Amino acid sequence: MIRVSRVYHDYSGKGQYAVADISFTVEPGKIFGFLGPSGAGKSTVQNLMTGLLPLQQGEIYYEDTPVQALPSQFFNQVGVSFEQPNVFPTLTGYENLRYYAALFALPTIEPMRLLERVGLRDAAHKKAAEYSKGMRQRLTLARALINRPRYLFLDEPTSGLDPATAAEIRELIREQAQNGAAIFLTTHHMELADSLCDTVAFLFEGRIAAMDTPENLKRLYGKRQVHVVYAEQGEERTRTFALEERHALAAFLEQVEPIKIHSQEASLEAIFLRVTGKGLTL
Amino acid sequence: MNALLALMLQDCKRLLSNALFWVISVTLLAIVLLVNFALPKSLLPETARIVTFQTTPKIPAEPLQNEAELYRLVAEERAIGLIGAPDGSIRVVHSGISEKIVRALILQAYAQEADLDMAVVTLVADKGEIPFNLRVLPMFICFEALVIGFILGGALLLAEKECGVIRALRISPMGVDRYMLAKTLLFSLIGIVYAGLMVVFCIGLQVAWLPFVLLSFLGAALFALLGLVFAAPFRDMNSWFFSMAVLLSLNMLPAAAYAAPSFFPRWLRFIPSYTLISAYEKILFDIGESIVPAVLNVSVWCVCIYLIGRVWLNKILFRRQKVFV
Ligand SMILES: Nc1ncnc2c1ncn2[C@@H]1O[C@H](COP(=O)(O)OP(=O)(O)O)[C@@H](O)[C@H]1O
Ligand SMILES: [Mg+2]
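Here the protein sequences come in this chain order: A and B.
To convert, note that position 26 of the first sequence is 562 in the working numbering; the numbers rise steadily by one, no gaps.
To convert, note that position 186 of the second sequence is 189 in the working numbering; the numbers rise steadily by one, no gaps.
The following block contains the structure:
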């Protein structure tokens, strides 16, 4: 379990907080998602958690060890993929993974198997410099998984991927959670957060605006809508009501000949807009 | 250990795709050609004074009546002495020419009859007796083969900074020791191979290989460690290259002491290439003092730079919880 509590970070040292009052926990076997637009502070939080950034204020604990006191050996259990794919450009994808595999004290996954999983089998022996951004992104994901990490950090793992590959990657991430990893994931794709995360935090301007399971968020903030499809003068028409407007809905149903009625959940994107007043793509 | 080899292998692959590495390799070839063909061999052996005792070579020579006189001429007048023995073998007495030249001389002087397993007695008069083209070899070894690690160790490190891999390494179990060891050992091996190639192509196989390999290993390791320590604080290769080149030329100063013997400030001895050059002279030409102090000297340097380097690199590259620019 990773416990983050009341964390603030100020890059400038002038009291301008990039992130403020951040508290949450990431549990083993669960995926915790940070959803927010670009610049919200998602990568800052990840870097504070992995120890890349110094912790200025607040606490971050891995079980009972504060992040500042983690020894090098601890990182045998950690996997991190970065927002900017950072790989050796002059090594092939396969060689990049071999390099990393050599760093770990525990048995690692065979590089070719991982490359297969992230769809880089055919490009395994090409230099990473020739990869597209999406391919490098997948290579850093494979690299993050090579040591079967107990703590996994994924910064925008599906950005720049086509939908089919993104679905594969999603499956791969889900498997990691099933194997017991505690996963911290950042994204600005609400579908990803919705379909993958056990808990989602909306990060907006450096603060957590809302945090809950995707279902609860939808229940709490999303207006469920009811669509009534009815016939009028031989034509099919649709009228939409909010679930709260049930009297109006009842009255309407008295007046028309309904063909079908269906309800629809609000998307996380719509909820994000409601909670923060801004959309995910600024 | 296996893991270290894997790291070295991948670093080596990165090296092979580094343009600087090939520049240095081509320079090595150029040096071999230069030493063999372009640099004059000085006066030896064509115009050397050849004195003989109880032997008659097929080349112009001065027969002497007395062995002591032969030794005196070799020592004082830089002659080459040939002494015949009743069993037909020949003893060559000289004051510092290479084995290669001795063999060439004997072939010329006795043609097929030559018994090549002759005893060679070297009387050391002064350094001037070694042909000029070979005399520069120790310098070239120090300024070429051994400094590969200084240049390319730094280049590999800065490439890691530029592509951001260092951030991933920082939050991995790698640690500064494995990082430094993988790179240092790689460049030590390359240093041995490159220095060895230069010697094989310029002097031949008749070299005291064990001390040669030991010295090359230590020398290359020292330069690689210095290269890592020096490159660590730079942001990228562009900002590093100029000062690296300046430092590299400073390392070449002992060469100036060669060209102008009156230039020999005390501090020159503290430049590692000075010690290394003298030790190579001992190994290759058997002149100067024993190499033991030099080996100890370079070993101590290696250990010190390693210890300083691991604190320094840990602070600059590997420490977490730090703001990096
Ligand atoms: N190294 C840095 N120095 C100064 N400000 C930074 C740095 N990195 C990020 N920031 C600022 O912190 C805020 C959050 O950035 P970031 O964590 O990268 O957001 P996200 O990952 O959500 O896009 C942004 O306003 C950004 O400009
Ligand atoms: Mg980010």
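Yeah, the Cβ is synthetic: ideal placement off N, Cα and C, and Gly gets one too.
Just so it is clear, the structure is predicted and the values come from calculations on it, not from any experiment.
For A234 of chain B and M11 of chain B, which I take to be in contact (beta-carbon distance under 8 Å), what is that distance rounded to the nearest angstrom?
Going by Cβ atoms, the distance from A234 of chain B to M11 of chain B rounds to 18 Å, so no, they are not a contact pair.
Along the alpha helix (DSSP H) that carries M11 of chain B, what are the first and last residues, could you check?
Run containing M11 of chain B: N5 to L19, per the alpha helix (DSSP H) assignment.
Looking at the C-beta of P141 of chain B, does it have a partner C-beta in chain A at a distance below 8 Å?
no
Using a C-beta cutoff of 8 Å, does A235 of chain B count as contacting chain A?
no
Using a C-beta to C-beta distance shorter than 9 Å, which residues of chain B count as neighbours of N715 of chain A?
Within chain B, no residue comes near N715 of chain A; the closest Cβ sits about 20 Å away, beyond 9 Å.
Inter-residue spacing [alpha-carbon to alpha-carbon] between L218 of chain B and A259 of chain B
When only Cα atoms are considered, L218 of chain B and A259 of chain B end up about 22 Å apart.
For ligand 2, I want to know if S617 of chain A counts as a neighbour, meaning its beta carbon is within less than 7 Å of at least one of the ligand's heavy atoms.
no
Given T561 of chain A as reference, the closest of A:R679, A:I807, A:S731 and A:A718 once Cα atoms are compared
A:A718
Option nearest V203 of chain B by Cα separation, candidates B:P141, B:A9 and B:G178:
B:P141
Can you name the residues of chain A whose CB is closer than 8 Å to the CB of L108 of chain B?
Within chain A, no residue comes near L108 of chain B; the closest Cβ sits about 50 Å away, beyond 8 Å.
Whether or not the segment 644 to 660 of chain A and the segment 676 to 686 of chain A are in contact is what I'm after, with contact meaning three or more pairs of Cβ atoms, one per stretch, closer than 8 Å; do they touch?
Contact between the segment 676 to 686 of chain A and the segment 644 to 660 of chain A is present: 3 or more CB-CB pairs across the two stretches fall below 8 Å.
In whole angstroms, give me the CA-to-CA distance for V811 of chain A and G670 of chain A.
31 Å
Can you grab the Cα-Cα spacing for the pair A737 of chain A / C305 of chain B, in whole Å?
Whole-angstrom Cα-Cα distance: 52 Å.
In terms of alpha-carbon separation, which member of A:E805, A:E772, A:V764 and A:L804 lies closest to E790 of chain A?
A:V764
Test item, CB below 6 Å from any non-hydrogen atom of ligand 1
That query returns the following residues: A:Y547, A:A554, A:G572, A:S574, A:G575, A:A576, A:G577, A:K578, A:S579 and A:T580.
Out of A:S579, A:R760, A:I797 and A:L633, which one is the CA nearest neighbour of R773 of chain A?
A:I797
For L809 of chain A, which residues in chain B fall below 8 Å Cβ to Cβ?
The premise fails here: L809 of chain A is roughly 34 Å from chain B at the closest Cβ pair, so nothing lies under 8 Å.
What number of angstroms, rounded off, separates the C-alpha of V210 of chain B from the C-alpha of I286 of chain B?
Each residue's alpha carbon lies about 7 Å from the other.
Contacts that R513 of chain A makes with chain B (C-beta to C-beta distance below 9 Å):
Nothing can be reported for residue 513 of chain A, as the shown portion of chain A is limited to 537 through 818.
By Cβ distance below 8 Å, which residues in the same chain neighbour A641 of chain A in space, the five residues on each side in sequence not counted?
Q609 and N612
At 9 Å on the CB atoms, spell out the chain A contacts of V314 of chain B, in chain order.
Within chain A, no residue comes near V314 of chain B; the closest Cβ sits about 15 Å away, beyond 9 Å.
With hydrogens ignored, establish whether the beta-carbon of E768 of chain A is closer than 7 Å to any heavy atom of ligand 2.
no
Would you give the residue range spanned by the beta strand (DSSP E) that F819 of chain A belongs to?
For chain A, the structure presents residues 537 to 818; residue 819 of chain A sits outside this window and is missing.
Kindly confirm or deny that the segment 224 to 242 of chain B and the segment 106 to 114 of chain B touch, where touching means at least three C-beta pairs closer than 8 Å.
no
The segment 584 to 607 of chain A: which residues have C-beta closer than 8 Å to a C-beta of chain B, in chain order?
Against chain B - using a Cβ distance shorter than 8 Å - the residues of the segment 584 to 607 of chain A are T586, G587, L588, L589, P590, L591, V603, Q604 and L606.
If we define contact as Cβ-Cβ less than 8 Å, is S28 of chain B a contact residue for chain A?
no
Helix, strand or coil: how does DSSP classify L47 of chain B here?
Only weak support is given to the placement of L47 of chain B: the predicted model assigns it a pLDDT of 47, under 50, and the question is left unresolved by the model.
Classify Y547 of chain A: buried if its beta carbon has 16 or more other beta carbons within 10 angstroms, exposed otherwise.
Exposed, since its Cβ has fewer than 16 Cβ neighbours within 10 Å.
Who pairs with V581 of chain A in a beta bridge, going by DSSP?
According to DSSP, which records beta bridges pairwise, V581 of chain A is partnered with nothing at all.
Helix, strand or coil at S281 of chain B according to DSSP, with G and I counted as helix:
Here S281 of chain B carries a helix assignment [DSSP, helix/strand/coil].
Can you pull the DSSP bridge partners for M747 of chain A?
A:A737.
Would D691 of chain A pass as a contact of S579 of chain A if the rule is Cβ separation under 8 Å?
Here D691 of chain A is near S579 of chain A, since their CB atoms are less than 8 Å apart.
Label L318 of chain B either buried or exposed according to how many other C-beta atoms from any shown protein chain fall within 10 Å of its C-beta, with 16 as the threshold for buried.
Residue identity check: residue 318 of chain B is Lys in the sequence provided, not Leu. Exposed, by the Cβ-count rule.
Say whether chain A places a C-beta atom closer than 8 Å to the C-beta of L253 of chain B.
no
What residue range does the beta strand (DSSP E) around S541 of chain A cover?
I538 to H545
Reduced DSSP category for G813 of chain A - H, G, I as helix; E, B as strand; rest coil:
coil
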